[in-house]
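Chemist:
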């Protein structure tokens, strides 16, 4: 960042009281004139830039010659003049001056730049100059340095690199440095990029609003521009007007601030909803497998969280293998990890069903205990195998970064997880509604004994459902590995929330799980700013405990005629 | 008169053995600890007294869990919450007994409040320096919570897995709440650094021995109360609810009232266990609320034998003894062992150690003559 930001506050406070230095007054006069005749000035600068070479060279010569003086005020004037000239020599000359490498020959007022190797070049042309005779350095004091800093900022406004221009415009917006105004006008006239141009106009508005000499009408118009910007910086800008601001301007600023706050609140709510949807899809991924097994078999799988954890560790292992054997495939690692995680977790799920749960048929509470035992064993197994510490999982390049829509920051990994959750949900829906296996699963969910009587092999359905549920948990683990720490406790962190989703949504259909996950996710994130993360969570738990009293079978209970 | 009748009619053989052994322990352990010199082979070490005292409170918690799970079929995954609440009530009393001896030497406020810059005692703490009040709270707070929770849950006929999950949600929510500093219960450090109880130094071996004996007596009392409940007429209905809740309801019994009664009594028992636990271990913190603790209490009962009361206490002792041994010998192995225990017991030992043993004993006895009336304490499975 250029140094004008650093000196900004000094200049602002300096503007509040009369400055003893002529140079400062002159600098202000330039700013003032610029403010009043901004359009004219911009046109003038463009005119300069369009002018043919010789005229420009002459002009440059005059500008550069102004450095050949002992007067600090004149040097300041020369810096300001050169900076706003748009001359290609401006940057090297001013930088040389900053570093104390600008010298001049008193005899003919020729100005040279001393290069680091002590050879000299002509400041005007950039040609090497041999045998330049006796020279004196152009002198520096704080006023000159301040002017240089402003000038460097101004030059960045014209920099070919758009990022530099953006940061320069932002710097002016924050510093509200009056001396940058002329450069800003010039830059606005030249700017082709609409977005940067808007930024620069906002920066100009900020300068005008803060300028006590600008007319009230101008300042109020500028406040309008700042309101359109509408972010925290704009709010800070409007909140920090000097005490001498006329009441009309102050009023306009206050009403603009109110407007900005209102828009910001809406955006913030939007951001919270977005975070909520993101959390909701994580919950959906974690809970949906649980909901299926609960629906079909009536048992809560306490080891479900460990399936999620195993999915995450599968991702880690897949990435380790890829790193060793085919580092080029790293960006595709998640697509390899997904089927692997599904298979690994699904296979463990089928094994648990065949070895343990099948023997506990009809004893839901004992199943709960046995699966809790399984979860302890799996946790400890992973802890002994991979160690108790977090494992590093790489985020593929396409999943990093973020996009901004208005004031909404949308990170790519969250977006990817939401999309992924939606795909999994849709696939599961199609699977359960459109395939023979899905039909059988639904039949067993609705009436196990009747389904058995119709020739459905219910214990096969059980095993496959358990495998499917665990496999989906594995997929959830791949997704979670991108946003959470991969540690043996990963599953524990999500399991209780998943239970809440299941009992809240009911087991009637997948939509219940979707609605429950999204409700809990969004409610959680909307409560967070008011109640804090922990209290928000407690409130939700209490809400669910109360909700269950009202609907003991969840939001979307399966309708049946069984006597309870 | 009534008591002797009760004792002789309602206590089975296992119960007698249990009570007699406990009675002996209540007297003998303190004597062997205090009167026998440390070098002697009959000496009971200070650590052992503390450890066994802790097991006694766990056993009381296990009896409380067995009362609701073994006899009423309510699998509570949140009994640790009642235990911890009782513990917190006791901890608050002990905290206020520290007085000006804390690190900050504040005359009334506990250290953590001074640290948080609080000026006065929060309302929730009022009265806790008065021992009888604190003891009432030990029973009242868990009891009231259980009553309110059960009132809603049982009336709405929340049963089975749903009930288990929301009891877990309850203890989880309480854990999160107690972790917060502004709850006013010491945040994640909990309450610790106790100095004395009723004027007796809590560190002294005499106090600890007395606490041990009190824990044993509480366990005996808890057993008698639970036994009285399950052998009463109401106990028969409670068991009927466990085995066929809809049928019991159709017979005209107000199922929710019976459940609520057992549930609340069990919570109070758990609270008392917690209150005895805290002075012996010297600390209570929010991790006592963690759902894993509550589930561990379930496995004690499952190992010992659900629906036997004595078995529950036995299971608590055995599992915790194993835990102490494992964490010393193979720290890595404990979770494997505990997890394996869950699986093994549910698969192969559904009646637990005592239940299986009793079955075996009866089948030996029965050989000469056909079976008489089955004991009400056996689950119908």
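Residue numbers (the numbering used here), protein chains in the order written: chain P, 1 to 564; chain G, 1001 to 1381.
Glycine residues also receive a C-beta, built at the ideal position from the N, C-alpha and C atoms.
(1) Rounded to whole angstroms, how far is the Cβ of residue 112 of chain P from the Cβ of residue 94 of chain P, which I believe are closer than 8 Å?
(2) Using DSSP bridges, identify the partner residues of residue 404 of chain P.
(3) What whole-angstrom Cβ distance do residue 500 of chain P and residue 544 of chain P have, given they're in contact under 8 Å?
(4) What does residue 373 of chain P touch in chain G if you count any residue whose Cβ is under 9 Å from its own?
(5) Using a beta-carbon distance below 8 Å, is residue 369 of chain P in contact with chain G?
(6) Tell me which residue opens and which closes the beta strand (DSSP E) that residue 113 of chain P is part of.
(7) Answer with yes or no whether the minimum CB distance from residue 310 of chain P to chain G is below 8 Å.
(8) With DSSP collapsed to three states, give me the class of residue 509 of chain P.
(9) With a threshold of 8 Å between beta carbons, is residue 565 of chain P in contact with chain G?
(10) Enumerated in chain order, which unbroken segments of the alpha helix (DSSP H) with a length of 4 residues or greater are wholly contained in the region 143–191 of chain P?
(11) Quick one: using the 10 Å Cβ neighbour count with 16 as the cut-off for buried, is residue 530 of chain P buried or exposed?
(12) Does residue 300 of chain P come out as helix, strand or coil in the three-state DSSP assignment?
(13) Applying the 10 Å Cβ sphere with the 16-neighbour rule, what's the burial state of residue 1264 of chain G?
(14) Starting from residue 565 of chain P, trace the beta strand (DSSP E) in both directions and tell me its first and last residue.
(15) Could you check where the beta strand (DSSP E) with residue 1383 of chain G kicks off and where it finishes?
(16) In three-state DSSP terms, what is residue 326 of chain P?
(17) Is there a C-beta anywhere in chain P that falls below 8 Å from the one on residue 1279 of chain G?
(18) Can you give me the Cβ contacts of residue 287 of chain P inside the same chain, cut-off strictly under 7 Å, excluding the 5 residues immediately before and after it?
(19) Beta-carbon of residue 359 of chain P versus every beta-carbon of chain G: anything under 8 Å?
(20) What would DSSP say about residue 1030 of chain G, mapped onto helix, strand or coil?
(21) Could you check the C-alpha separation between residue 1280 of chain G and residue 1099 of chain G for me, to the nearest Å?
(22) Which first and last residues belong to the alpha helix (DSSP H) in which residue 1257 of chain G is found?
(23) From residue 1185 of chain G to residue 391 of chain P, what distance separates their C-alpha atoms?
(24) If you drop the 5 nearest sequence neighbours on each side, which residues of the same chain put their C-beta closer than 6 Å to that of residue 383 of chain P?
(25) Using 8 Å as the limit for Cβ to Cβ distance, is residue 1179 of chain G near chain P?
(26) Report the residues of the region 373–392 of chain P with a CB closer than 9 Å to any CB of chain G, ordered along the chain.
(27) Compare the C-beta of residue 1162 of chain G against all C-beta atoms of chain P and say whether one is closer than 8 Å.
(28) How would you call residue 574 of chain P, buried or exposed, if buried means at least 16 neighbouring beta carbons within 10 angstroms?
(29) From residue 1062 of chain G to residue 1294 of chain G, what distance separates their C-alpha atoms?
(30) Quick one: give me the first and last residue of the alpha helix (DSSP H) that residue 120 of chain P is part of.
(31) Excluding five sequence neighbours on each side, which residues of the same chain lie with their C-beta closer than 8 Å to the C-beta of residue 277 of chain P?
(32) Go ahead and label residue 1259 of chain G buried or exposed: buried means 16 or more other beta carbons lie within 10 angstroms of its beta carbon, across all protein chains shown.
(33) Look at the alpha carbon of residue 69 of chain P and the alpha carbon of residue 178 of chain P, and state the distance between them as a whole number of angstroms.
(34) In whole angstroms, what is the alpha-carbon distance linking residue 1373 of chain G and residue 1089 of chain G?
(35) Taking only beta carbons into account, state which residues of the region 1125–1148 of chain G come closer than 7 Å to chain P, listed in chain order.
(36) Measuring only between beta-carbons, confirm whether residue 499 of chain P sits less than 8 Å from chain G.
Modeler: On the basis of the data shown:
(1) Actually they do not touch by this definition, with Cβ atoms about 14 Å apart.
(2) P:409
(3) 5 Å
(4) Per Cβ cutoff of 9 Å: 1299, 1338, 1339, 1340, 1341, 1342, 1343, 1344, 1345 and 1346.
(5) Closer than 8 Å to some Cβ of chain G, the Cβ of residue 369 of chain P qualifies, so yes.
(6) 110–114
(7) no
(8) coil
(9) This structure gives no information on residue 565 of chain P, because the portion of chain P shown stretches from 1 to 564.
(10) 162–175 and 181–190
(11) Under this definition residue 530 of chain P is an exposed residue.
(12) coil
(13) Residue 1264 of chain G comes out buried.
(14) With chain P covering only 1 through 564, there is no way to say anything about residue 565 of chain P.
(15) This structure leaves residue 1383 of chain G out entirely; chain G is present only between 1001 and 1381.
(16) Look at residue 326 of chain P here: in three-state DSSP terms it is coil, with no helix or strand label.
(17) no
(18) 498, 501, 502, 513 and 517
(19) yes
(20) helix
(21) One C-alpha to the other measures close to 20 Å.
(22) For residue 1257 of chain G, the enclosing alpha helix (DSSP H) starts and ends at 1255–1281.
(23) 35 Å
(24) 488
(25) It does; some Cβ of chain P falls within 8 Å.
(26) 373, 374, 375, 376, 377, 378, 379, 380, 381, 383 and 384
(27) Interface residue, yes.
(28) What the structure shows of chain P is the stretch from 1 to 564, and residue 574 of chain P is not part of that stretch, so it cannot be assessed.
(29) 10 Å
(30) Per DSSP, residue 120 of chain P is not a residue of any alpha helix (DSSP H); the beta strand (DSSP E) it occupies stretches across 120–122.
(31) Excluding positions up to five away in sequence, the list reads 418, 518, 521 and 522.
(32) Burial check for residue 1259 of chain G: the Cβ neighbour count within 10 Å reaches 16 or more, so the residue is buried.
(33) 25 Å
(34) Low local confidence applies: a pLDDT of 47 at residue 1373 of chain G is under 50, so the model's placement there is unreliable, with the coordinate-based value given in what follows. Whole-angstrom Cα-Cα distance: 44 Å.
(35) none
(36) For residue 499 of chain P, the nearest CB of chain G lies under 8 Å from its own CB, placing it at the interface with that chain.
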